[in-house]
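Numbering follows our numbering, with no gaps: position 31 of the sequence shown is 37. A virtual CB, placed ideally from N, CA and C, is assigned to each residue, including glycine. As the structure is a computational prediction, the values presented were derived from the model and not from experiment.
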Amino acid sequence: MISAAFDYIAPQSLDEAVRALAAHGEEAKLLAGGHSLLPLLKLRLANPKLLIDLTRIPGLGKISQEDDKIVVGALTTHYQIESSELLKAKCPLLPQTARTIGDVQVRNRGTIGGSLAHADPSADWPAAMLALGGELKLRGTKGERRIAAEEFFLGAMTTAIDATEILTEIYVPVSSRRCGSAYLKMAQQASGFAIVGVAVWLRLAQNGRCEEIGIGVTGLSDKPFRARTVEGQLRGNKLGPKLIEESASKVAEGSDPLEDLHASAKFRAHLAQVYTARAIQEAAKRASGRAR
Ligand SMILES: Cc1cc2nc3c(=O)[nH]c(=O)nc-3n(C[C@H](O)[C@H](O)[C@H](O)COP(=O)(O)OP(=O)(O)OC[C@H]3O[C@@H](n4cnc5c(N)ncnc54)[C@H](O)[C@@H]3O)c2cc1C
């Protein structure tokens, strides 16, 4: 199908984009990589009067380090993240996640900001952002605000972004010595989207016990979430196989697993347990490797 007619602008600055968005509100849509928006336009599930193309705004596709934080611009593509030497050294969970997304064409065009703002319940980035305890920076006419990833995702395709705000950057902590991470998922064969995906980031103490841990789960229910019960059982303890298995068995507790043509609710819950246990093991192994 062909989309309904719309006007198109390509602002050259963030201020210009914010003003245009404020002037048109719900009648406007931001365009990043277009990988989710264009199908919606063609199916006429979205009929904006105006498309505001963010891709000409300088500086939104940058990856940098600010003290103990890594800053990733919203327009950064999955491929840029996958191939960033800075991220491989300072926040490997992001490249580990990026390389599982779709195929090379999708990774070359899709953006981290577009994916987070779109909030598909099967998207990969939410799991990594939750595990890292990341923050998202939003810019509107009233200025900027930062919001924790855990407060950002409200439900399927629903986030805390106001209709007049633009996601500009994400902030994640620098991973240093004794930190390890892993992202594991079962992918839908056609698209690569996660049937279930689990991201783990952890830091071991000098005595080998788990000092800090974040576990983000996507695909299991209509909203990505942080597996706080599992994290609580592991924090402060040695990560032996028995404890990992026992705690991972609680990952689906309190969630409402999705059921669709790809997987039953029971299978999804089972996958979540298996991937949680494996991702913790892999992250712990990498963390002990980094201690040397
Ligand atoms: C064939 C295919 C396979 C895919 N496989 C996977 C996969 O395996 N895993 C996965 O996670 N994803 C997958 N995706 C999704 C893809 O990787 C993109 O991340 C996703 O489509 C959105 O990013 P985009 O940059 O294209 O955003 P767009 O489509 O341009 O925008 C998406 C939505 O976000 C809004 N938006 C965009 N940028 C901003 C911003 N900065 N601030 C506020 N709102 C904004 C737009 O208005 C729109 O509503 C796949 C997509 C396709 C087409």
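For residue i, count the other beta carbons within 10 Å of its own beta carbon; 16 or more makes it buried, fewer makes it exposed. Which is it?
i              : result
isoleucine 8   : exposed
methionine 163 : exposed
serine 182     : exposed
threonine 61   : exposed
glycine 295    : exposed
proline 247    : exposed
glycine 119    : buried
glycine 304    : The question about residue 304 has no answer, for the chain in this structure spans 7 to 298.
glutamate 141  : buried
lysine 191     : buried
proline 127    : buried
tyrosine 281   : buried
leucine 27     : buried
leucine 51     : exposed
Taking residue i as part of the beta strand (DSSP E), name the residues at either end of that continuous run.
i                 : result
phenylalanine 199 : Looking at the DSSP string, phenylalanine 199 is not in any beta strand (DSSP E), and its letter there is neither H nor E.
isoleucine 172    : 172 to 179
isoleucine 219    : 216 to 224
methionine 192    : 185 to 193
alanine 10        : That residue, alanine 10, is in no beta strand (DSSP E); it is neither H nor E in DSSP.
aspartate 59      : 56 to 59
isoleucine 76     : 75 to 79
lysine 35         : 34 to 37
Can you tell me which of the three DSSP states residue i falls into?
i              : result
arginine 105   : coil
arginine 234   : helix
glutamate 251  : helix
glycine 65     : coil
leucine 49     : coil
leucine 245    : coil
glycine 5      : Outside the modelled stretch of the chain, which goes from 7 to 298, sits residue 5, for which no answer is possible.
threonine 117  : strand
valine 112     : helix
methionine 135 : helix
leucine 100    : helix
glutamine 212  : coil
leucine 267    : coil
lysine 256     : coil
glycine 161    : strand
serine 182     : coil
glutamine 272  : This sequence places lysine at residue 272; glutamine is not what is there. Residue state, collapsed to three classes: helix.
serine 70      : strand
lysine 229     : coil
How close, in whole Å, do the beta carbons of residue i and residue j come, if the pair is a contact with beta carbons under 8 Å?
i             : j             : result
alanine 80    : glutamate 175 : 6 Å
glycine 203   : threonine 117 : Contact doesn't hold; Cβ gap of about 18 Å is too wide.
aspartate 130 : threonine 103 : 5 Å
alanine 134   : glycine 222   : 6 Å
glycine 31    : threonine 170 : 6 Å
cysteine 97   : valine 178    : 6 Å
proline 54    : glutamate 33  : 6 Å
leucine 173   : leucine 136   : About 16 Å; that fails the 8 Å criterion.
How far does the alpha helix (DSSP H) with residue i in it reach, from first residue to last?
i                 : result
phenylalanine 158 : 155 to 158
serine 89         : 84 to 89
alanine 29        : 20 to 30
Do the segment 110 to 117 and the segment 84 to 100 meet, that is, are 3 or more Cβ pairs less than 8 Å apart?
In short, these stretches touch, since the Cβ pair count reaches three.
Report yes or no: do three or more beta-carbon pairs, one from the segment 246 to 257 and one from the segment 141 to 154, lie closer than 8 Å?
Contact between the segment 246 to 257 and the segment 141 to 154 is not established, with fewer than three Cβ pairs separated by less than 8 Å.
The segment 286 to 294 contacting the segment 178 to 195, beta-carbon criterion three pairs below 8 Å
Taking 8 Å as the limit for Cβ pairs, the verdict is that the segment 178 to 195 does touch the segment 286 to 294.
Pair every Cβ in the segment 21 to 35 with every Cβ in the segment 51 to 65, then say whether three or more of these pairs are closer than 8 Å.
Per the Cβ contact rule, the segment 21 to 35 is in contact with the segment 51 to 65 (3 or more Cβ pairs under 8 Å).
Touching or not, the segment 226 to 241 and the segment 258 to 268, by the rule of three or more beta carbon pairs under 8 Å?
Cβ pair count under 8 Å is three or more, so yes.
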